[in-house]
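Chemist: Once you've had a glance at the structure underneath, I'll fire off some questions.
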Amino acid sequence: MSAELDDLYQEVILDHNRRPRNFRRLEGGQHAEGFNPLCGDRLTVYLQIDDEGRIGDVSFQGSGCAISKASASLMTDSVKGATVAEAARLFDRFQQMITGPADGPIDRLGKLEALAGVRRFPVRVKCASLAWHTLRAALEANEGMVTTE
Amino acid sequence: MPAGSPSSAQTFDVARIRRDFPILQRRVHGRPLVYLDNAATTQKPAAVVDRLARYYREENANIHRGVHALSVEATDAYDAARETVRRFLNAGDAREIVFVRGTTEAINLVAATWGRTHLGAGDEVVVTEMEHHSNIVPWQLACQAAGARLRVAPITDAGELRLDAFEQLLCPRTRVVAVNHVSNALGTVNPVKEIARRAHAHGAVVLVDGAQAVAHLPVDVRAIGCDFYAFSGHKVFGPTGVGALWGRAELLDAMPPYQGGGDMIRSVTFERTLYNELPYKFEAGTPNIAGAVGLASALDYVAAIGLDRIAAHEHELTSYGTDALSCIGGLRLTGTAPGKAGILAFVIDDIHPHDIGTILDRAGVAIRAGHHCCQPLMGRLGVPATARASLALYNTREDVDALAAALRDAKAVFA
Ligand SMILES: Cc1ncc(COP(=O)(O)O)c(C=O)c1O
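Going down the list, the sequences are from chains A and B. Counting with the numbering used here, you get residues 138 to 286 for the letters of the first sequence. Counting with the numbering used here, you get residues 1355 to 1769 for the letters of the second sequence.
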């Protein structure tokens, strides 16, 4: 097995794939559905915005590859409690990390750094970003479906 | 020794065939390429690559319009390519061969033109649950335009057409039955002759999508008894961007043109245009001349080896592969029809096909993961996607062993 594969499928990713966090439906909030037509990944992101404009709770459901599932799981962990603007900024930095040069430095993104290995697998970038695109749609209370295309 | 018998498979010299395909020498991620994505597209023998180069180096000109020597040579080469396709399909007349971009365009051509003149409100079009999107969507468009209805014949869990249920769908309103010869997602070889017989008994015309058949088994459109047959050059070792539609002359004659333009006309005035004869009526504009010429060299290549022998080799490899994959715990083959063609599609418990594809790629093994342009079929199988290894004449037991080894690696990652 190559080092790049070990880096992509590191223990954190495999763990979040096996036991995704916040993997449930949230009633009464906003939600959006995301779809990656390339591989059929499909997920729904649910969220509740509290009175201070923070993401009070966030969850997801759906089916997908290990990368999209782990990314969704890590995302829900990392945006809980953030303001809408903070979540948007995090998405930008995350996107830069997974599309950056294969050998460039990695921004400090805490747990999300586990997905830095995606940089070496350009065809998997959409898997890693699906949850984030769907989060953005849910934040905009966009009930339609977003796709990665 | 009759062609296709076991001993002809043994004398099949796959090492020699592999030398005909330069790309098979390539390495991918530092590993020898193991190309098992032939249902998506096939690799090209040097004969085809050289033929394309020779066309552009020595013969290139536009056809049907020049008095000069090059135009005559290009026209001759293009006409000869049509005759090669006719022979390959055992069609009766080269006028029945229309060059198109590929299977997709061939089906769209029939759905649009035959559909426009033969489909009316309340009419029915029958397809199967295992069709490729390109044999579904053009018919949906035609049905919408006409107010006709799309009916879907079901399959068994093994991936075979349920002939009894298919028969029950046939009625006096059935105008067309559109079915693939070989399923790209399952490998099922459909009983197209029997399907055509039953459809004709109800007065329907029959279109066979041959995209996955032509590189893997002998095709004889007259023996099948269908009305239209479509295939893509790139899936039979030819170039991309070219394919052929065969149709019965009397049907093609009665159909309106697909596109208007140069070459498809006999005379044009602003008041009235007379269309050209078959097949030019359906070939508006400058066609893919080099593509047609390259396709002919690919068909010559395949015919020289013999499709019976290719089929025997692939059947042997398919059963070897079926055994090899069946030993892998948690792996389930999707598509287990008896006598199926060289498609090994599968899912593995708790590993998404996309992850399988990535891990295999790093081992140099090229497969496809996804819905294979068969989303309704994935729904029927109850999976979002499958992984698919698809074989061709140049694949070997070593290729299958490399696949199985890489799958074990994938299982180890996710253990
Ligand atoms: C069964 C089947 N039909 C139709 C097509 C479409 O062929 P093309 O994309 O060459 O037009 C394919 C190719 O994937 C196929 O496998």
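Even glycine gets a Cβ: it sits at the ideal position worked out from N, Cα and C.
1) If we count the other Cβ atoms within 10 Å of its Cβ and call it buried at 16 or more, is I1643(B) buried or exposed?
2) I need the straight-line Cα distance from S1359(B) to A1666(B), nearest angstrom please.
3) Taking one C-beta from the segment 155-172 of chain A and one from the segment 225-245 of chain A each time, how about it: are there three or more such pairs within less than 8 Å?
4) Where do the N-terminal and C-terminal ends of the beta strand (DSSP E) with S1744(B) fall, by residue?
5) Cβ of N1544(B) versus every heavy atom of ligand 1: is any distance shorter than 7 Å?
6) Among the residues of its own chain, which have a CB less than 7 Å from the CB of G1564(B), if the five just before and after it don't count?
7) Return the chain-ordered list of same chain residues with a C-beta closer than 8 Å to the C-beta of D1704(B), the five sequence neighbours on each side being excluded.
8) Got a sec? Which residues, its chain only, sit under 8 Å from Q1364(B) by beta carbon, not counting five neighbours each side?
9) Kindly indicate if chain B contains any beta-carbon less than 8 Å away from that of S200(A).
10) Return the first residue and the last residue of the beta strand (DSSP E) that E170(A) is part of.
11) Taking Cβ-Cβ distances below 9 Å as the criterion, which residues of the segment 257-268 of chain A are in contact with chain B?
12) Starting from the N-terminal end, write out each residue whose C-beta falls within a distance shorter than 5 Å of any non-hydrogen atom of ligand 1.
13) Consult DSSP for G247(A) and reduce its assignment to one of helix, strand or coil.
14) Given L1605(B), which residues of its chain have a CB within under 8 Å of its CB, disregarding the five upstream and five downstream residues?
15) Is R1602(B) helix, strand or coil by DSSP?
16) Looking at the unbroken alpha helix (DSSP H) that takes in G1592(B), where does it start and where does it end?
17) What do you get for C176(A), buried or exposed, if any count of 16 or more other CB atoms within 10 angstroms of its CB means buried?
18) How many Å lie between T1429(B) and N1416(B) at the Cα?
19) Below 8 Å, how does it come out for the segment 1630-1643 of chain B and the segment 1422-1442 of chain B: are there three or more Cβ pairs, yes or no?
20) What do you get for R240(A), buried or exposed, if any count of 16 or more other CB atoms within 10 angstroms of its CB means buried?
21) Quick check: what's the CA-CA separation for D244(A) versus D152(A)?
22) Please report the straight-line C-alpha distance between R1529(B) and L1661(B), rounded to a whole angstrom.
23) Compare the Cα-Cα distances from V1382(B) to each of N154(A), V149(A), S139(A) and L180(A) and report the closest residue.
24) Between which two residues does the alpha helix (DSSP H) carrying Y1634(B) extend?
25) For a contact defined as C-beta to C-beta under 7 Å, what are the partners of A1739(B) on chain A?
26) Along the chain, where does the alpha helix (DSSP H) containing I1664(B) start, and where does it finish?
27) Quick one: grab the DSSP three-state call for S208(A).
28) For V1767(B), which residues in chain A fall below 8 Å Cβ to Cβ?
29) Check P1514(B) in the structure and name its three-state DSSP category.
30) What does the Cβ neighbour count give for R1657(B), buried or exposed, with the cut at 16 atoms within 10 Å?
31) Which residue comes first and which comes last in the alpha helix (DSSP H) that contains I235(A)?
32) Would E1668(B) pass as a contact of L1745(B) if the rule is Cβ separation under 8 Å?
33) Would you check if the segment 1454-1466 of chain B and the segment 1594-1603 of chain B touch, i.e. whether three or more CB-CB distances between them fall below 8 Å?
34) Quick check on the burial criterion: 16 or more other C-beta atoms within 10 angstroms. Buried or exposed for V260(A)?
35) Does the beta carbon of A203(A) sit closer than 8 Å to a beta carbon anywhere in chain B?
Modeler: According to the structure data:
1) Buried, because 16 or more other Cβ atoms sit within 10 Å of the Cβ of I1643(B).
2) Since pLDDT at S1359(B) reaches only 44, below the 50 mark, its modelled position is unreliable, and the value read off the structure follows with that caveat. Approximately 7 Å, taken between the alpha carbons.
3) no
4) T1740 to S1744
5) no
6) H1535, V1573, Y1583, A1584 and F1585
7) G1684 and F1768
8) Any reading at Q1364(B) needs caution, since the residue's pLDDT is 49, under 50, leaving its predicted position unreliable; the model's value is listed next. Excluding sequence neighbours, Q1364(B) sits near nothing in its chain.
9) Under the 8 Å criterion on CB atoms, S200(A) is classed as interfacial with respect to chain B.
10) From DSSP, the beta strand (DSSP E) with E170(A) extends over Q167 to N173.
11) Taking 9 Å as the cut-off between beta carbons, the residues of the segment 257-268 of chain A near chain B are F258, V260, R261 and C264, in sequence order.
12) These are the residues, in chain order, with a beta carbon less than 5 Å from any non-hydrogen atom of ligand 1: G1456(B), T1457(B), T1458(B), H1486(B), S1488(B), N1534(B), N1538(B), D1563(B), A1565(B), Q1566(B) and S1586(B).
13) helix
14) Excluding the 5 residues flanking it on each side, L1605(B) has same chain C-beta neighbours closer than 8 Å at W1468, V1559, D1581 and F1582, in chain order.
15) Coil.
16) For G1592(B), there is no enclosing alpha helix (DSSP H), as DSSP marks it with neither H nor E.
17) The residue is buried, with at least 16 neighbouring Cβ atoms inside 10 Å.
18) 8 Å
19) yes
20) Arg is not the amino acid found at residue 240(A); the sequence shown has Asp there. Counting Cβ neighbours within 10 Å, D240(A) comes out exposed, since fewer than 16 surround it.
21) 22 Å
22) Each residue's alpha carbon lies about 32 Å from the other.
23) Answer by Cα proximity: S139(A).
24) Looking at the DSSP string, Y1634(B) is not in any alpha helix (DSSP H), and its letter there is neither H nor E.
25) C176 and G177
26) L1661 to S1680
27) Looking at S208(A) - three-state DSSP - the assignment turns out to be helix.
28) Here the neighbours are M138, L142, Y146 and L151.
29) The amino acid at residue 1514(B) is misidentified as Pro; the sequence shows Glu. Coil at E1514(B), not helix or strand.
30) Note that residue 1657(B) is Ala in the sequence shown, not Arg. Counting Cβ neighbours within 10 Å, A1657(B) comes out exposed, since fewer than 16 surround it.
31) V221 to T236
32) yes
33) yes
34) exposed
35) So, interface residue.
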